[in-house]
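Line order of the protein sequences matches chains A and B. Residues in the first sequence are numbered from 1044 upward in steps of one, following the working numbering. Residues in the second sequence are numbered from 34 upward in steps of one, following the working numbering. Cβ atoms here follow ideal geometry from the backbone N, Cα and C, with glycine treated the same way. Report on the following structure.
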Amino acid sequence: MIEQFFQIMTLPLLACFVLTGIHAYLGLHVIEREVIFVDLALAQIAALGASLALIFGYGLDSPHSYWLSLGFTIIGAAIFSLTRFRKQLIPQEAMIGIVYVVSAAFLILVLSRSGEGDEHIRQSLVGNILLVPASEVWKIFGIYSVVGLFHYVCRNKFFLISQNPEKAFRNGINVRLWDFLFYASFGLVVTSSVKIAGVLLVFSFLIVPSACAILFSDKPKNRLMLGWTIGFLASVFGMVVSYYLDFPTGASVVCIFGIILVLLAFYKKLI
Amino acid sequence: MFFKLRKWFFIALFPIVVFGSFLALCPGDLYANEKVLQVVATTTTYANLVKEIGGDKVVLNHVASPKFNVHSIQPKPSDVRNVSEADLFAYTGLDLEMWMDPLVEAAGKPQFFRGRERSIDLSRNIPLLGVPTHQISRSEGDLHIFGNPHYWMSPENAKIMIQTILEKLIEADPENASTYEQNAKDFVSRLDSKIVEWKTLCAHCVGKEVVSYHRDSEYLADFLGIKISQHIEPKPGIPPTPKHMQFLEGYMKRNNVKIIIRPTFYPVDSAEAVAERVGGKTVTICQNVGELPNLTDYIALIDFNVRQLSEALKTS
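Okay, structure coming up:
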């Protein structure tokens, strides 16, 4: 019985651990910056890029499609870093929403001119963590390690521009550049994640651990430890629930995340 | 911080205890019968067809519920488990089940990959419709670059599929070959007499035209001699543009086409809207066994669809 569980759920569980590792960290930035839905916007603009390959006659699994989606992610990163000003006229959330809906609408236009319908592209936004192949787990492990290392090396700058951009401006740091580097590396991570786990699950891995951690600590290090623990627990319980009650795997993990947040809020007497 | 962490840990412990006991209480394998062949089919329709041939020598599981569009199924852990325990795997082939390759891979069954020894590719020998004749280009082609995959909707094709299933069952379990052959013979003769009945029932439909929402009824129409040349969806999954709706309205009026075929699982406001404007109506056609409660087997499925079309075209 337990053997069977591991036979089927090991790869999804490992994938969840890898996702937890990077997203619990990136989530801290996202919450500090109050750009909650930025991952959805970047995933959508990446999907638009991938679909453009169809117009040029290449498949969605071709390298052209991959590079186009990466290129569009970079464009998205540039938009978000260029629209952050010292004195913000349009809120960043508004920009994120606009990028999301406009790229979603463009996607519909592109698909209406391409041969293939939206089934394939929708697949790339839904993902199914249950069926993740070992090669993908290795791939994201590699990419996220590099991004994680980059962020670790430059952690002072990244945390400063997220937590206290005013101070960063005063210190003469090139905030635009560091913002761009942040969003570009972030975009690289979420577009890879969304492909295997889908937008719902990626959003949860990003936001819930850090939202929980903020209730308990204000030091980034402690928050990160707590975030990782929560992500780990949600992944394990999500897999168990999905396997034994035979529910779709991604949705199970998301619901467990929700339950954990409610329990912690109870504990902190917030509810 | 660490004092708080400890309390927090106890809260985390609670679900561990609950799920741990749940794990311990879970029953073992419900049936571990080694005598029967275990077959997984991607759809209920294929599961039914394999069951007709295999009888009590096979146990069937299916992946896609008939209530959903088979394109966008999300397999569950039980599906992976069923596939990993199966002896044979039956599927549409072409590119209908896009979740199939990852599913087979996750189950660790390379022998179920397309064209491998334990896979039953039901599209074998089927005369396909809608195969692009010009050079395939994704920018102008169709979703289905291999041809229209809804071939099981024609009972003539079902006979070819039965032959494929029969060969694969015998290959996997030669001991029961005579049983399988007998079952297949019985089923085909039942199907043959039904085919005569269906053709008679729809004799008045021959040469008439209908419009379809999705490209999923061409084989059925072809079997009955009904013409389908226009679709509400310009491309699978893409909503119709205003121009296309206008064109369809004109086309249907000009050619006195009154019937629009609709599937059960899409919202089809656009089909209803066009039907209303041309003074026609929509007719529901089912794709799979079990899509409606009374469609218990393949013959019931086709029977329902034939009667729906026969009725609709009688009044028009």
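Alpha-carbon to alpha-carbon, residue j and residue i
i         : j         : result
Gly141/B  : His237/B  : 51 Å
Trp132/B  : His183/B  : 17 Å
Asn102/B  : Phe1099/A : 28 Å
Ala205/B  : Asp120/B  : 8 Å
Asn66/B   : Pro296/B  : With a pLDDT of only 48 at Asn66/B, under 50, the local geometry of the prediction cannot be trusted, and the value read off the model is given with reservation. C-alpha separation (whole angstroms): 38 Å.
Ile1204/A : Trp185/B  : 60 Å
Phe179/B  : Asp154/B  : 14 Å
Lys241/B  : Leu162/B  : 19 Å
Leu1095/A : Ser1108/A : 7 Å
Lys347/B  : Ala308/B  : 17 Å
Gly1281/A : Leu1243/A : 14 Å
Arg1165/A : Gly126/B  : 21 Å
His111/B  : Leu136/B  : The question names His, yet the displayed sequence has Ser at residue 111/B. If I take the Cα positions, the gap works out to 11 Å.
Tyr1187/A : Ala139/B  : 23 Å
Val1073/A : Phe1223/A : 14 Å
Leu224/B  : Val339/B  : 14 Å
Gly1185/A : Thr1116/A : 19 Å
Gly1274/A : Asn1214/A : 35 Å
Asn190/B  : Thr233/B  : 19 Å
Asn158/B  : Ala306/B  : 39 Å
Lys1210/A : Ile1141/A : 28 Å
Thr197/B  : Val290/B  : 38 Å
Asn18/B   : Lys1238/A : Lying before the first or after the last residue shown, residue 18/B is absent from chain B, which here runs from 34 to 349.
Arg147/B  : Val92/B   : 22 Å
Val244/B  : Pro267/B  : 12 Å
Gly1064/A : Trp1271/A : 7 Å
Ser117/B  : Leu1313/A : 46 Å
Gln71/B   : His1194/A : 50 Å
Ser250/B  : Ile318/B  : 8 Å
Leu1069/A : Leu1085/A : 14 Å
Residues that DSSP places opposite residue i in a beta bridge
i         : result
Asp154/B  : Tyr124/B
Ile271/B  : Lys268/B
Asn1217/A : None, per the DSSP bridge assignment.
Ile21/B   : Absent from the structure is residue 21/B, since the part of chain B shown begins at 34 and ends at 349.
His95/B   : Ala74/B
Val243/B  : Ile261/B
Own chain partners of residue i with C-beta closer than 6 Å, once the 5 adjacent residues on each side are dropped
i         : result
Tyr1286/A : Phe1048 and Met1052
Phe1123/A : Tyr1226
Phe1300/A : Ser1247, Val1251 and Ala1277
Gln144/B  : Glu150 and Arg151
Ala333/B  : none
Ile1118/A : none
Lys68/B   : none
Ile193/B  : Asn158 and Ile159
Ser360/B  : Within the shown structure, residues of chain B are numbered from 34 to 349, placing residue 360/B beyond reach of any answer.
Residues near residue i in its chain [Cβ-Cβ closer than 8 Å; skip 5 each side]
i         : result
Ser170/B  : Residue placement at Ser170/B is flagged as unreliable, the pLDDT there being 49, under the threshold of 50; a coordinate-derived value is accordingly withheld.
Leu367/B  : Because chain B spans 34 through 349 in this model, residue 367/B falls outside it and cannot be assessed.
Ala1206/A : Residue identity check: residue 1206/A is Gln in the sequence provided, not Ala. Here the set comprises Glu1075.
Contact set for residue i: own chain, Cβ-Cβ below 7 Å, skip 5 residues either direction
i         : result
Val1180/A : Leu1054, Leu1057, Ala1058 and Val1061
Ala304/B  : Tyr246, Ile265, Ile293, Arg295 and Thr315
Phe1212/A : Arg1129 and Val1218
Arg310/B  : Glu282
Lys201/B  : Leu121 and Ile153
Pro108/B  : Val96, Trp132 and Leu136
Val1284/A : Phe1290, Ser1295 and Ile1299
Leu1111/A : Gly1092, Ala1093, Leu1095 and Ala1096
Pro273/B  : Ile265, Glu266, Pro267 and Ser303
The region 1046-1067 of chain A: positions lying closer than 9 Å to chain B by Cβ: Result list: Gln1047, Phe1048, Gln1050, Ile1051, Met1052, Leu1054 and Pro1055.
Taking only beta carbons into account, state which residues of the region 1174-1202 of chain A come closer than 7 Å to chain B, listed in chain order. Leu1174 and Pro1176
Counting Cβ pairs, one atom from each stretch, are 3 or more of them under 8 Å apart for the region 1261-1271 of chain A and the region 1222-1230 of chain A? no
Count Cβ pairs between the region 1162-1175 of chain A and the region 1292-1305 of chain A that sit closer than 8 Å; are there 3 or more? yes
contact_flag[the region 123-137 of chain B, the region 86-104 of chain B] where n(CB pairs < 8 Å) is 3 or more: yes
Residues of the region 255-277 of chain B with Cβ closer than 9 Å to any Cβ of chain A, in chain order: Glu266, Pro267, Lys268, Pro269, Gly270, Ile271, Pro272 and Thr274
Using 8 Å as the cut-off, can you tell me whether the region 1256-1265 of chain A makes contact with the region 1129-1140 of chain A, which would need three or more C-beta pairs spanning the two stretches below that distance? no
Within 8 Å, do at least three Cβ pairs link the region 78-88 of chain B to the region 321-341 of chain B? yes
Within 7 Å of chain A by C-beta, residues of the region 223-238 of chain B in sequence order: Taking 7 Å as the Cβ-Cβ cut-off against chain A, none of the residues of the region 223-238 of chain B qualify.
Identify each residue in the region 102-116 of chain B for which the Cβ-Cβ distance to at least one residue of chain A is less than 8 Å, and report them in chain order. His104, Ser105, Gln107, Pro108, Lys109, Pro110, Ser111, Val113 and Arg114
When the Cβ atoms of the region 1078-1086 of chain A are set against those of the region 1190-1201 of chain A, are three or more pairs found closer than 8 Å? no
Compile a chain-ordered list of the residues in the region 133-148 of chain B whose CB is closer than 7 Å to at least one CB of chain A. Pro135, Leu136, Glu138 and Ala139
Can you pull out the residues from the region 1290-1307 of chain A whose beta carbon lies closer than 9 Å to at least one beta carbon of chain B? For chain B, the residues of the region 1290-1307 of chain A that bring a beta carbon within less than 9 Å of one of its beta carbons are Phe1290, Pro1291, Thr1292, Gly1293, Ala1294, Ile1299, Ile1302, Ile1303, Leu1306 and Leu1307, in chain order.
Counting only Cβ-Cβ distances shorter than 8 Å, please list the residues of the region 188-206 of chain B near chain A, keeping chain order. Against chain A - using a Cβ distance shorter than 8 Å - the region 188-206 of chain B contributes no residues.
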